[in-house]
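Protein chains in written order, with numbering that gives the first Met the number 0: chain R, 0 to 244; chain X, 0 to 244.
Built from N, CA and C at the ideal position, the CB exists for glycine as well.
There are 2 protein chains.
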Amino acid sequence: MKIDPDSSVDLSIQIASAIRDAIIDGTLPVDERLPSEQELCEHFSVSRSSVREALKRLGAQSLIRTQRGATGGAFVNRLTYAAAHGQQITTSTLLLSMNEVSFSTACEARYALESACARLAAQRRTADHVATMRAEAYKQAQPGLTDEAFCASDVAFHRALVDAADNDVMSYQLAGAVEAMQPLMNMITFSARSRERIVALHNDIATALDDQDADKICELLNELSSYTNSLAESVFAERDALRGQ
Amino acid sequence: MKIDPDSSVDLSIQIASAIRDAIIDGTLPVDERLPSEQELCEHFSVSRSSVREALKRLGAQSLIRTQRGATGGAFVNRLTYAAAHGQQITTSTLLLSMNEVSFSTACEARYALESACARLAAQRRTADHVATMRAEAYKQAQPGLTDEAFCASDVAFHRALVDAADNDVMSYQLAGAVEAMQPLMNMITFSARSRERIVALHNDIATALDDQDADKICELLNELSSYTNSLAESVFAERDALRGQ
DNA sequence: AGACAATTAAATGTCTGACAAATGAAAATT
DNA sequence: AATTTTCATTTGTCAGACATTTAATTGTCT
Chain R
0 MKIDPDSSVD LSIQIASAIR DAIIDGTLPV DERLPSEQEL CEHFSVSRSS VREALKRLGA
60 QSLIRTQRGA TGGAFVNRLT YAAAHGQQIT TSTLLLSMNE VSFSTACEAR YALESACARL
120 AAQRRTADHV ATMRAEAYKQ AQPGLTDEAF CASDVAFHRA LVDAADNDVM SYQLAGAVEA
180 MQPLMNMITF SARSRERIVA LHNDIATALD DQDADKICEL LNELSSYTNS LAESVFAERD
240 ALRGQ
Chain X
0 MKIDPDSSVD LSIQIASAIR DAIIDGTLPV DERLPSEQEL CEHFSVSRSS VREALKRLGA
60 QSLIRTQRGA TGGAFVNRLT YAAAHGQQIT TSTLLLSMNE VSFSTACEAR YALESACARL
120 AAQRRTADHV ATMRAEAYKQ AQPGLTDEAF CASDVAFHRA LVDAADNDVM SYQLAGAVEA
180 MQPLMNMITF SARSRERIVA LHNDIATALD DQDADKICEL LNELSSYTNS LAESVFAERD
240 ALRGQ
């Protein structure tokens with residue numbers, strides 16, 4: 000890919016694109032070392048600043064990593080599920096917060112996607128998954144738990160359900176959806192009574208998973224979805240009422 | 000957020016994080032102009048290069064845009080569904096290509112997630128969605144269509160099904176999953192007979208959607224999933240056989 | 001006064017050169 | 001042989017300069 004210094008497009012963008020394309024089409028395989036910054040300067044006929052800015056762009060997308068020292072340089076990163084996952088969460092979180100996505104829309108999406116895992120999870124669940132879910136439900140029942148800790152445990156619970164489906168691609172997709180919702184969930188204050196209700200549903204879900212009863216899980220997820228939604232609605236209604244004063 | 004020049008973490012990373020956090024927590028609202036590079040240098044007590052590299056990182060994540068000129072500068076970007084979607088596809092595509100994700104795993108995830116839309120889509124579908132799907136199915140039946148065009152139309156078909164669920168968050172999530180699979184799908188050569196079978200299933204799905212029969216849609220999606228999988232398996236088996244010669 | 005042209009100021013984009021810091025390899029020393 | 005020292009390479013950071021873009025300002029003419 001060639002660089003056009005007269006283009007209206009920034010050099011660092013052009014250079015980053017060229018290298019990115021080489022990575023995507025396999026010209027630069029995983030763990031391959033890129034030419035040094037000096038060599039890239041000569042190759043593209045640009046200054047080191049432009050090359051460096053291009054490399055930072057690629058670094059921000061986890062496409063490369065850099066290492067200092069004699070044998071250092073920039074290396075093509077193997078994109079891990081964890082890294083991709085982290086990026087997806089950042090993106091999804093921002094998307095939700097910047098676009099005034101309604102709670103009900105996000106909630107609906109989350110539980111609908113989660114139900115998709117239910118069938119597979121019911122088939123493939125191991126004792127470990129069920130145990131994790133029960134442990135989280137137990138934690139959620141502890142008095143004195145902060146709302147944030149409650150939400151974090153909620154994420155862990157659902158994460159275990161998703162992982163039970165034993166499909167890496169699905170875990171990656173779903174975990175992003177579930178975790179991106181957490182800032183929205185954190186806006187809810189959970190009363191002792193509402194927590195009790197949620198924990199009960201969680202325990203029922205764990206049991207249904209143990210029994211490999213997919214339909215039951217879906218039914219319970221639906222219930223959880225509408226309950227969460229109604230909780231959110233009352234919180235928002237209260238907030239709006241206070242604002243109206 | 001403070002910057003530590005003695006940290007082992009690169010300055011541009013620290014600066015980018017600080018600004019990113021300010022965007023995420025709302026301190027820097029959408030379309031707000033960031034301080035000029037010069038001002039950021041003074042604020043963080045670093046050189047302009049470091050500030051610029053940090054801004055490039057944020058730019059690569061679509062968090063900011065920059066404009067030259069008198070009233071120019073860096074502005075907080077409103078993250079659109081389209082931009083988020085594009086990033087997700089790049090990430091997912093790389094993830095799938097770099098991690099030797101098996102076709103069956105990706106395929107399973109895709110159809111499972113798509114089934115999650117089916118119920119909502121059945122409730123909310125409009126005549127437009129059904130018409131789009133029928134039009135794509137018709138296109139797919141044309142002889143002389145390249146495999147690539149066939150796959151592209153396939154994506155458009157499923158995209159319409161997802162959009163019928165009328166949930167932006169879900170469309171965003173699902174479209175990413177469906178489109179990221181396209182490079183994998185493109186590896187399959189579709190014979191006339193297999194196309195015929197797929198088009199028939201597509202038409203049946205369109206009909207089931209029109210009839211608002213969610214169960215039927217799920218059943219047909221499952222059928223499509225196993226058929227696609229068997230096609231892929233035979234392609235891979237043939238390829239491996241050739242390789243073994 | 002209004003329309004148009006030239007100037008100016010502010011901002012990002014690019015280049016150059018320098019030094020700091022990390023790091024592994026080679027050389028020197030014990 | 002083991003350890004230490006030196007050294008070359010590479011990325012990270014800094015400073016300053018100039019180019020380019022852009023909108024506001026100023027000046028000029030009708």
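Coil, strand or helix - residue i by DSSP
i: Gln211 (chain X); result: coil
i: Val100 (chain X); result: coil
Span of the alpha helix (DSSP H) around residue i
i: Thr131 (chain X); result: 126-140
i: Gln251 (chain X); result: Shown here, chain X extends from 0 to 244; a query on residue 251 (chain X) therefore has no answer.
i: Ile63 (chain R); result: Looking at the DSSP string, Ile63 (chain R) is not in any alpha helix (DSSP H); the run it does join, the beta strand (DSSP E), is 63-66.
i: Glu38 (chain R); result: 36-43
i: Ile12 (chain X); result: 10-23
i: Ala148 (chain R); result: 146-163
i: Val50 (chain R); result: 47-59
Host beta strand (DSSP E) of residue i (start-end)
i: Val75 (chain R); result: 72-75
Counted within 10 angstroms of its Cβ, other Cβ atoms place residue i as buried (16 or more) or exposed
i: Met132 (chain X); result: buried
i: Ala126 (chain R); result: exposed
i: Ala111 (chain R); result: buried
i: Gly143 (chain X); result: exposed
i: Leu241 (chain R); result: exposed
i: Thr227 (chain X); result: buried
i: Glu178 (chain R); result: buried
i: Gln122 (chain X); result: exposed
i: Val129 (chain X); result: buried
i: Gln66 (chain X); result: exposed
i: Arg56 (chain R); result: buried
i: Ser49 (chain X); result: buried
i: Asp5 (chain R); result: exposed
i: Asp3 (chain R); result: exposed
i: Gln172 (chain X); result: buried
i: Gln86 (chain X); result: buried
i: Gly71 (chain X); result: exposed
i: Gln60 (chain X); result: buried
i: Gln141 (chain X); result: exposed
i: Asp30 (chain X); result: exposed
i: Ala164 (chain R); result: buried
i: Gln37 (chain R); result: exposed
Whole-angstrom C-beta distance between residue j and residue i, which should lie under 8 Å
i: Leu250 (chain X); j: Leu78 (chain R); result: This structure cannot speak to residue 250 (chain X), because chain X is shown only from 0 to 244.
i: Ala136 (chain R); j: Ala207 (chain R); result: Actually they do not touch by this definition, with Cβ atoms about 13 Å apart.
i: Glu218 (chain X); j: Asn185 (chain X); result: Between Asn185 (chain X) and Glu218 (chain X) the Cβ distance is about 27 Å, and since that is not below 8 Å, they are no contact.
i: Arg109 (chain X); j: Ala176 (chain X); result: 6 Å
i: Ala73 (chain X); j: Leu10 (chain X); result: Their Cβ separation, rounded to whole angstroms, is 17 Å, which puts Ala73 (chain X) and Leu10 (chain X) out of contact at 8 Å.
i: Ala115 (chain R); j: Ser114 (chain X); result: 6 Å
i: Ile22 (chain R); j: Leu62 (chain R); result: 6 Å
i: Ala174 (chain X); j: Val161 (chain X); result: 6 Å
i: Ala168 (chain R); j: Ala231 (chain X); result: For the sequence presented, residue 168 (chain R) should be read as Val rather than Ala. 15 Å between Cβ atoms; not a contact.
Proximity test, residue i beta-carbon vs the ligand HEM heavy atom, cut-off 7 Å
i: Val234 (chain R); result: Looking for the ligand HEM in the displayed structure turns up nothing, as the structure carries no ligands at all.
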